[in-house]
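Engineer: Those sequence lines, one after another, are chains A and B. For the first sequence, my numbering begins at 31 and goes up steadily by one. For the second sequence, my numbering begins at 2 and goes up steadily by one.
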Amino acid sequence: QITLKESGPTLVKPTQTLTLTCTFSGFSLSTSTVGVGWIRQPPGEALEWLALIYWDDDKRYSPSLKNRLTITKDTSKNQVVLTMTNMDPVDTATYYCAHSRYGAKSLDYWGQGTLVTVSS
Amino acid sequence: DIQMTQSPSTLSASVGDTVTITCRASQSISSFTTWLAWYQQKPGKAPKLLIYKASSLESGVPSRFSGSASGTEFTLTISSLQPDDFATYYCQQYNIFPYTFGQGTKLEIK
Numbered sequence: 031q032i033t034l035k036e037s038g039p040t041l042v043k044p045t046q047t048l049t050l051t052c053t054f055s056g057f058s059l060s061t062s063t064v065g066v067g068w069i070r071q072p073p074g075e076a077l078e079w080l081a082l083i084y085w086d087d088d089k090r091y092s093p094s095l096k097n098r099l100t101i102t103k104d105t106s107k108n109q110v111v112l113t114m115t116n117m118d119p120v121d122t123a124t125y126y127c128a129h130s131r132y133g134a135k136s137l138d139y140w141g142q143g144t145l146v147t148v149s150s
Numbered sequence: 002d003i004q005m006t007q008s009p010s011t012l013s014a015s016v017g018d019t020v021t022i023t024c025r026a027s028q029s030i031s032s033f034t035t036w037l038a039w040y041q042q043k044p045g046k047a048p049k050l051l052i053y054k055a056s057s058l059e060s061g062v063p064s065r066f067s068g069s070a071s072g073t074e075f076t077l078t079i080s081s082l083q084p085d086d087f088a089t090y091y092c093q094q095y096n097i098f099p100y101t102f103g104q105g106t107k108l109e110i111k
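1) Contact between the stretch 126–145 of chain A and the stretch 74–90 of chain B is defined here as three or more beta-carbon pairs at a separation below 8 Å; is this criterion met?
2) Can you round the beta-carbon distance between Ala47/B and Trp140/A to whole angstroms, since I take them to be within the 8 Å contact cut?
3) Given this structure, state the Cα-to-Cα distance separating Arg98/A from Asp86/A, to the nearest angstrom.
4) Can you say whether Asp118/A is buried or exposed, counting buried as having 16 or more other CB atoms within 10 angstroms of its CB?
5) Can you say whether Lys111/B is buried or exposed, counting buried as having 16 or more other CB atoms within 10 angstroms of its CB?
6) Strictly by DSSP, which residues pair up with Ala26/B?
7) Where do the N-terminal and C-terminal ends of the beta strand (DSSP E) with Ile83/A fall, by residue?
8) Given that Pro48/B touches chain A, what residues does it touch there, using C-beta distances under 7 Å?
9) Is the Cβ-Cβ distance between Thr115/A and Arg70/A less than 8 Å?
10) Quick check on Lys43/A: does DSSP put it in helix, strand or coil?
11) Can you list, in chain order, the residues of its chain with a C-beta nearer than 8 Å to that of Ser92/A? Leave out the 5 residues immediately preceding and following it.
12) Beta-carbon of Gly143/A versus every beta-carbon of chain B: anything under 8 Å?
13) Which residue marks the beginning of the beta strand (DSSP E) containing Gly68/B, and which one marks its end?
14) From what residue to what residue does the beta strand (DSSP E) around Phe54/A run?
15) Scan the stretch 89–107 of chain B for residues whose Cβ lies nearer than 7 Å to a Cβ of chain A and list them as they occur along the chain.
16) Can you check whether the CB of Ala128/A is closer than 8 Å to the CB of Leu41/A?
17) Since Arg25/B and Thr6/B should fall inside the 8 Å C-beta cutoff, what is the C-beta to C-beta distance between them, to a whole number of angstroms?
18) Asp118/A by DSSP, collapsed to three states: which one?
19) Against chain B, does Tyr125/A count as a neighbour if the rule is that its beta carbon must be under 8 Å from one of theirs?
20) Among residues of its own chain, excluding the 5 on either side of Ile3/B, which ones have a beta-carbon nearer than 7 Å to its beta-carbon?
21) Could you give the residue range of the beta strand (DSSP E) that holds Gln42/B?
22) Where do the ends of the beta strand (DSSP E) carrying Arg131/A lie?
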């Protein structure tokens with residue numbers, strides 16, 4: 031059974047760096063074609079794809095946020111970490127991580143999401 | 002980036018109706034297959050995968066959900082609407098990075 035769960039701060043101040051951790055079970059990020067992605071959703075708005083990391087450490091980012099995002103994996107801990115620098119109130123959103131397989135279903139298992147508020 | 006445009010933004014329907022949601026891509030998202038997914042999202046919940054590769058039904062999803070593709074236009078059809086189907090639906094292309102979503106279609110009870 032595949033599960034994912036996001037963790038991190040619920041409140042960050044403007045200009046701070048956000049660090050979110052996705053802890054998963056039921057699959058390994060060392061298995062060929064497997065990936066973990068991050069998606070966010072501002073309150074009342076649409077989903078926005080942020081980044082994705084694959085089993086082979088291939089990393090992909092949203093061009094509009096690329097300068098602010100870093101995605102890394104720790105295969106031994108079954109974790110994926112997303113950092114976003116220079117946070118702004120417009121970055122207030124629910125952040126989700128999700129399981130993916132290259133060449134298959136896109137995002138087939140999702141975490142419950144974590145709401146991050148950016149405010150001074 | 003590939004733009005995904007959904008229509009309508011809001012759709013009102015009754016239990017038992019058949020509804021269609023359309024998603025249009027700004028460029029081709031097909032190579033040897035069509036990399037288009039549909040998700041259902043209910044308030045306060047994570048999205049749920051319904052359809053992948055434009056027309057393949059995710060395991061456990063009722064057969065009243067179906068997807069189709071014609072060029073850069075994609076449709077999600079829900080037949081015989083059930084009370085549990087009233088939610089927001091998103092399309093997503095996963096052919097070219099960044100994997101972009103549509104703006105969503107909210108399906109409301111009439």
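Glycine included, each C-beta is placed from N, C-alpha and C at the ideal position. Given the structure is predicted, the values throughout are model-derived calculations rather than measurements.
Structural biologist: With the structure as the only source:
1) Counting C-beta pairs with one atom in each stretch, the stretch 126–145 of chain A and the stretch 74–90 of chain B have fewer than three that are closer than 8 Å, which means they do not touch.
2) The count along the second sequence starts at 1 and reaches residue 47/B at position 46. The count along the first sequence starts at 1 and reaches residue 140/A at position 110. The C-beta distance from Ala47/B to Trp140/A rounds to 4 Å, short enough to fall under 8 Å.
3) Locating residue 98/A in the first sequence gives position 68, counting from the first residue. Locating residue 86/A in the first sequence gives position 56, counting from the first residue. Taking the straight line from one Cα to the other gives about 22 Å.
4) For the purposes of this step, residue 118/A is taken as residue 88 along the first sequence, with counting starting at 1. Label assigned to Asp118/A: exposed.
5) On the second sequence, position 110 is the one that residue 111/B refers to. Exposed, since its Cβ has fewer than 16 Cβ neighbours within 10 Å.
6) The sequence position of residue 26/B within the second sequence is 25, counting from 1. Beta-bridge pairing by DSSP links Ala26/B to Met5/B.
7) Position 53 of the first sequence, counted from the first residue, corresponds to residue 83/A. Note, Ile83/A: beta strand (DSSP E), 78–84.
8) Translated into positions along the second sequence, residue 48/B becomes position 47. Residues of chain A with a Cβ closer than 7 Å to the Cβ of Pro48/B are, in chain order, Leu77, Trp140.
9) As a working note, residue 115/A is residue 85 in the first sequence. As a working note, residue 70/A is residue 40 in the first sequence. For Thr115/A and Arg70/A, no; Cβs fall outside 8 Å.
10) Residue numbering aside, residue 43/A sits at position 13 when the first sequence is read from its first letter. It is coil, neither helix nor strand.
11) To locate residue 92/A, count along the first sequence from 1; it is residue 62. Residues Glu78, Trp79, Leu80, Ala81, Leu99 of the same chain have their beta carbon placed closer than 8 Å to that of Ser92/A, with the five preceding and five following residues left out of the count.
12) Residue numbering aside, residue 143/A sits at position 113 when the first sequence is read from its first letter. At a cut-off of 8 Å, the C-beta of Gly143/A has a neighbouring C-beta in chain B.
13) The residue labelled residue 68/B in the question sits at position 67 within the second sequence. Note, Gly68/B: beta strand (DSSP E), 66–71.
14) Numbered from its first residue, the first sequence carries residue 54/A at position 24. Annotation for Phe54/A: the continuous beta strand (DSSP E) segment containing it runs 48–55.
15) Along the stretch 89–107 of chain B, going in chain order, the ones with a CB nearer than 7 Å to a CB of chain A are Tyr91, Gln93, Tyr95, Phe98, Pro99, Tyr100, Thr101, Phe102, Gln104, Gly105.
16) For the purposes of this step, residue 41/A is taken as the residue at position 11 of the first sequence. For the purposes of this step, residue 128/A is taken as the residue at position 98 of the first sequence. No, the pair does not count as a contact, with Cβ atoms beyond the cut-off.
17) Counting from one through the second sequence, the residue named residue 25/B turns up at place 24. Counting from one through the second sequence, the residue named residue 6/B turns up at place 5. Going by Cβ atoms, the distance from Arg25/B to Thr6/B rounds to 5 Å, so yes, they are a contact pair.
18) Residue mapping note: residue 118/A aligns to position 88 of the first sequence, counting from 1. If DSSP states are grouped into helix, strand and coil, Asp118/A belongs with coil.
19) Translated into the one-based positions of the first sequence, residue 125/A becomes position 95. False, the Cβ-Cβ gap to chain B never drops below 8 Å.
20) The sequence position of residue 3/B within the second sequence is 2, counting from 1. Counting only residues of its own chain and dropping the five nearest sequence neighbours on each side, Ile3/B has a CB closer than 7 Å to the CB of Ala26, Ser27, Gln28, Ile30, Gln94, Ile97, Thr101.
21) Within the second sequence, numbered from 1, the residue matching residue 42/B stands at position 41. 37–42 is the extent of the beta strand (DSSP E) around Gln42/B.
22) As a position in the first sequence, residue 131/A is number 101, starting the count at 1. DSSP places Arg131/A in the uninterrupted beta strand (DSSP E) bounded by 123–131.
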